[in-house]
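Protein chains in written order, with this note's numbering: chain A, 1 to 116; chain B, 1 to 110.
As structure tokens, this is what we get:
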């Protein structure tokens, strides 16, 4: 079956430091990968979307300088949160899709970031 | 501006059928309707998708009104494991960007 693994599941970092999180699609070719952040208040924000043959597209309020993403292939993606502060806390979710209109998105279990 | 409106919470007993409604009055002709659910400490999980009429899979069924402004997710025989936040999402054409609203918190009682 199609699965998305995220690592680590939880992480704590000091304010002003950076941390890297990984996402791997297993069992399917992911033509699109996106990173979301779910805040402690449970609201979702799309950070960036990466689609095959296209550049990574960052949403408003998120920049490559703050959330650089690397994806050597669309089955593997990593994102770093640079200079993390309290407002960066939350559950970072990776979603991967096989592509095509109406195709479901498979989500990982997320990386929960705590900033102290 | 939210694209969908759902009841904030619902309760049901185990074994009951649960119907969760979703209003999407401004849905575009190019948009599909997705339903996801999320249990604590997990990412969202896809349930079902549809464009019009009626869709059924092994987990749920989805009824979409003729004008596509209202959809209803039906969960037969809910169990305690079905307790989750259920999200109704409409997608833009050629984009699978998922805009999650506040969802419906389903509580299942034994």
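Cβ atoms here follow ideal geometry from the backbone N, Cα and C, with glycine treated the same way. It should be emphasised that the depicted structure is a prediction, and the values quoted were computed from it without experimental measurement.
Quick one: which chain A residues come within Cβ less than 7 Å of residue i?
{"i": "residue 7 of chain B", "result": "The premise fails here: residue 7 of chain B is roughly 16 Å from chain A at the closest Cβ pair, so nothing lies under 7 Å."}
{"i": "residue 43 of chain B", "result": "93, 107, 108, 109 and 110"}
Alpha carbon to alpha carbon, how far is residue j from residue i? Give it in angstroms, no decimals.
{"i": "residue 69 of chain B", "j": "residue 55 of chain B", "result": "16 Å"}
{"i": "residue 22 of chain A", "j": "residue 77 of chain A", "result": "6 Å"}
{"i": "residue 51 of chain A", "j": "residue 116 of chain A", "result": "34 Å"}
{"i": "residue 89 of chain B", "j": "residue 28 of chain A", "result": "23 Å"}
{"i": "residue 67 of chain A", "j": "residue 87 of chain A", "result": "14 Å"}
{"i": "residue 1 of chain B", "j": "residue 113 of chain A", "result": "At residue 1 of chain B the pLDDT is 48, less than 50, meaning the model places this residue with poor confidence; the figure from the coordinates comes in the next sentence. C-alpha separation (whole angstroms): 28 Å."}
{"i": "residue 79 of chain B", "j": "residue 58 of chain B", "result": "15 Å"}
{"i": "residue 7 of chain B", "j": "residue 77 of chain B", "result": "20 Å"}
{"i": "residue 17 of chain B", "j": "residue 106 of chain B", "result": "12 Å"}
{"i": "residue 3 of chain A", "j": "residue 60 of chain A", "result": "28 Å"}
{"i": "residue 94 of chain B", "j": "residue 104 of chain A", "result": "Note that residue 94 of chain B scores a pLDDT of 48, beneath 50, so its modelled location is shaky; the value from the coordinates is reported in the next line. Cα to Cα, the separation comes out at about 13 Å."}
{"i": "residue 110 of chain B", "j": "residue 85 of chain A", "result": "42 Å"}
{"i": "residue 89 of chain A", "j": "residue 73 of chain B", "result": "32 Å"}
{"i": "residue 42 of chain A", "j": "residue 50 of chain B", "result": "25 Å"}
Which chain A residues sit within Cβ distance under 9 Å of residue i?
{"i": "residue 98 of chain B", "result": "34, 36, 44, 46, 95 and 105"}
{"i": "residue 16 of chain B", "result": "Neighbours of residue 16 of chain B on chain A: none; closest Cβ ~25 Å, over 9 Å."}
Near-chain B residues of the region 39 to 66 of chain A - C-beta to any C-beta below 8 Å: 42, 43, 44, 46 and 49
Interfacial residues, the region 62 to 76 of chain B to chain A, with Cβ spacing under 9 Å: none
Touching by the beta-carbon criterion (3+ pairs, under 8 Å), the region 38 to 50 of chain A and the region 22 to 30 of chain B: no
Those runs of the beta strand (DSSP E) which lie wholly inside the region 38 to 104 of chain B and span at least 3 residues: 45 to 50, 54 to 56, 61 to 64, 70 to 75 and 84 to 90, all fully within the region 38 to 104 of chain B.
Ordered list of beta strand (DSSP E) runs contained in the region 9 to 49 of chain A, each at least 3 residues: 10 to 13, 19 to 26 and 32 to 38
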